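Residue numbers (this note's numbering): 5 to 296.
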């Protein structure tokens with residue numbers, strides 16, 4: 005369980021500090037923000053109030069923890085009027101659990117597959133492999149802390165505004181996905197530090213006798229976990245294997261770029277049935293990697 009934090013706590017500088025339990029004791033709304041996602045919480049006597057918002061102009065690296073509810077630092081820097089707490093649509097929770105006034109904030113992978121692109125089309129020679137790194141957008145899950153180790157989900161929302169896209173050979177063979185504007189990189193050090201993103205290591209292995217050309221990748225993020233390591237947020241890795249013909253395999257790897265297992269699990273996958281994942285992908289996997 006994450007350690008509980010007081011609603012008046014302001015001094016935690018690291019990104020991981022937001023993934024905690026918080027006791028909401030103030031009658032005045034307090035603000036948390038990760039990227040575009042905004043969360044207001046207030047704790048009048050024996051109840052919990054919650055409101056969410058989206059700041060489409062927010063930078064991806066914006067992080068606000070327990071700030072006054074009428075403060076929107078991002079908008080103030082741009083000369084915009086700050087959104088007031090009384091302009092929000094509030095939800096009220098009144099029960100013996102809400103009376104404890106404790107919530108937990110957790111990172112979560114998106115609920116649909118995610119399409120990412122290399123910086124440019126990537127040709128992988130026969131009998132070789134390439135490693136690319138991508139910054140995957142995360143969602144924020146807000147839960148009410150119940151007795152024991154139980155939690156009640158209050159809301160889930162994306163930290164980055166994503167567009168939807170169709171991925172597949174045609175309208176019959178494919179799936180609805182989210183599409184990323186940011187690109188995958190060949191050098192991990194080239195990745196920017198983004199508050200609302202997780203680092204994903206992607207290995208593309210070409211075991212075929214001809215070159216393959218990778219234009220975009222569709223990642224099964226709902227089957228991937230989130231970890232905290234070296235002061236950064238990481239997701240499960242992906243290993244794609246191209247064999248003879250159009251046969252391809254995809255595996256989810258719970259290891260970092262050095263081949264070592266992750267140790268600090270923050271969030272388990274939304275969907276744990278990976279056998280079903282492979283069968284679903286087989287119907288449209290040839291479009292994951294386009295031949296040169």
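Even glycine gets a Cβ: it sits at the ideal position worked out from N, Cα and C.
On a predicted model such as this, the values are computed, not experimentally measured, just so you know.
{"Asked": "Between the Cα of residue 237 and the Cα atoms of 211, 228 and 52, which residue gives the shortest distance?", "Found": "228"}
{"Asked": "Output yes or no for whether 9 Å exceeds the beta carbon distance between residue 142 and residue 58.", "Found": "no"}
{"Asked": "On the premise that residue 199 lies in contact with residue 260, defined as a C-beta separation below 8 Å, what is that separation, rounded to the nearest angstrom?", "Found": "Going by Cβ atoms, the distance from residue 260 to residue 199 rounds to 20 Å, so no, they are not a contact pair."}
{"Asked": "In or out: residue 252 buried (at least 16 other Cβ within 10 Å) or exposed?", "Found": "buried"}
{"Asked": "Kindly list the residues whose CB is nearer than 8 Å to the CB of residue 106, restricted to its own chain and excluding five residues on each side of it in sequence; keep chain order.", "Found": "8, 25, 26, 27, 28, 148 and 149"}
{"Asked": "My output table needs one value for residue 90: the three-state DSSP class, helix, strand or coil.", "Found": "helix"}
{"Asked": "When DSSP labels each residue in this structure, what does residue 22 get in the three-state scheme?", "Found": "helix"}
{"Asked": "Should the stretch 29 to 44 be regarded as contacting the stretch 157 to 172, the criterion being three or more beta carbon pairs within less than 8 Å?", "Found": "yes"}
{"Asked": "Does the Cβ of residue 64 have 16 or more other Cβ atoms within 10 Å, making it buried, or fewer, making it exposed?", "Found": "buried"}
{"Asked": "Thinking C-alpha only, which one of 221, 273 and 49 is nearest residue 138?", "Found": "221"}
{"Asked": "Flag this pair as yes or no: are the beta carbons of residue 54 and residue 146 separated by less than 9 Å?", "Found": "yes"}
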